[in-house]
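Working notes, beginning with the structure itself.
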Amino acid sequence: MDSYDELLSSQFFYVENLLFWENVAAWGTELSIAEKTNYLVFMINAFQSLGDEVVSETVLRLASLQSWHSLSYGRFQMELCLIQELIKKWKRMIRREAKEATKRGELFDPSTKLEVKFLRNLIEEFLEVLDSTVFSQEHVNEDNKIIDAYGLKQVDDACVLYCERFMEFLIDLLSQLPTRRYLRPLVADVAVVAKCHLSALYKHEKGKLFAQLVDLL
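With full-length UniProt numbering, letter number 211 in the sequence shown gets 211, and the count goes up by one each step, no holes.
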C-alpha cells in the first residue's frame, strides 16, 4: 500500500467514526461555515472515489434507498409507482430493519438513523445558509433582491464558497449511477433547484459560478 492508499484508508476510518456516531446529524451547528466547507470537500473526494471498495462501502450507506424514509409521502408513493422493482426491495429493507431493531430491543424508527437523515440534513442546512446567511437580512427585501446600494460589500464570501462546494457535491452525486438513483427524488422533493433559482445569490454578481453550477443540475 503506497502513501496515498494509507492516507485514504486513514481518512475513511476517521470519517466513518465521525459520521456514524449515534443520533448525531452530519455536522453540528457549532461548526463554522469554513469547517462545513472543508467537510463538503472531503465528502466530494469520498464520492469521487467509489472505485475503492473500502470507500464505497462506507459512503454509499449515506446515499442509499434508506434515505427515502425522509421523502414526503407523496414523493415516496410516486417514486415507487415509477420504479416497480423497488417495491420488493423496499419491503425487504423494511423487514430487515425491523428485525434488527427488535434484536436490539428498540422500537423500529427509521427516522433516527443517520443513513436516513444524512442527505436531507445536508440539503436543508445548505438551503438555510443560502436563504439567510449569504447576505445580511437587512440588505434583502421580501422579493429576495439586494436593496442596499453597497450590498456587494455585505456578501459573506465564505458562505458563497460553501454554496458553490455544495453544488459541486450534488452534481457529483447526481452524475454517478449508484448515488443518482436515490438522491434525485430527494433533491426534487425539497425543490433544491427551484429554491436556488429564486435565491439572491443566483442573481448576484458574486454568484456567477454558483448560478452556473445550479444550471448543471
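Virtual Cβ for every residue (Gly too), placed ideally from N, Cα, C. Remember, it's a predicted structure, so these values are computed and weren't measured experimentally.
> Quick one, which of L86, L183 and Q212 has its alpha-carbon nearest R61's?
Replying inline: For the residues L86, L183 and Q212, the minimum Cα distance to R61 belongs to L183.
> Taking three-plus beta-carbon pairs below 8 Å as touching, is the stretch 162-174 in contact with the stretch 28-45?
Replying inline: yes
>> Do V41 and S70 count as a contact pair if the criterion is CB distance below 9 Å?
In response: Using a Cβ distance threshold of 9 Å, S70 and V41 do not count as a contacting pair.
> Under the rule that 16 or more other beta-carbon atoms within 10 Å means buried, what is Y39, buried or exposed?
Replying inline: Y39 is buried by the Cβ-count criterion.
> At what residues does the alpha helix (DSSP H) containing V214 begin and finish?
Replying inline: K208 to V214
> Is L130 near V190, with beta carbons less than 9 Å apart?
Replying inline: no
> Which residues does DSSP pair with F135 in a beta bridge?
Replying inline: V155
> Buried or exposed: where does L122 fall if 16 or more other Cβ atoms within 10 Å of its Cβ makes it buried?
Replying inline: buried
> For S67, which three-state DSSP category applies?
Replying inline: helix
>> Can you give me the C-alpha to C-alpha distance between L213 and F118, rounded to a whole angstrom?
In response: 22 Å
>> Going by beta-carbon coordinates alone, are K113 and Q66 separated by less than 9 Å?
In response: yes
> From this set, E205, K206 and A211, which residue's C-alpha is nearest V192's C-alpha?
Replying inline: A211
> Cβ atoms of T179 and A63: under 9 Å apart, would you say?
Replying inline: yes
>> So L201 and V187 are supposed to be a Cβ contact under 8 Å. How far apart are they, rounded?
In response: In fact, because the Cβ distance is near 18 Å, the residues do not count as touching under 8 Å.
> Taking the alpha-carbon positions, what's the C81 to I87 distance?
Replying inline: 8 Å
> To which residues of the same chain is S56 closer than 7 Å at the C-beta, ignoring the five residues directly before and after it?
Replying inline: L50
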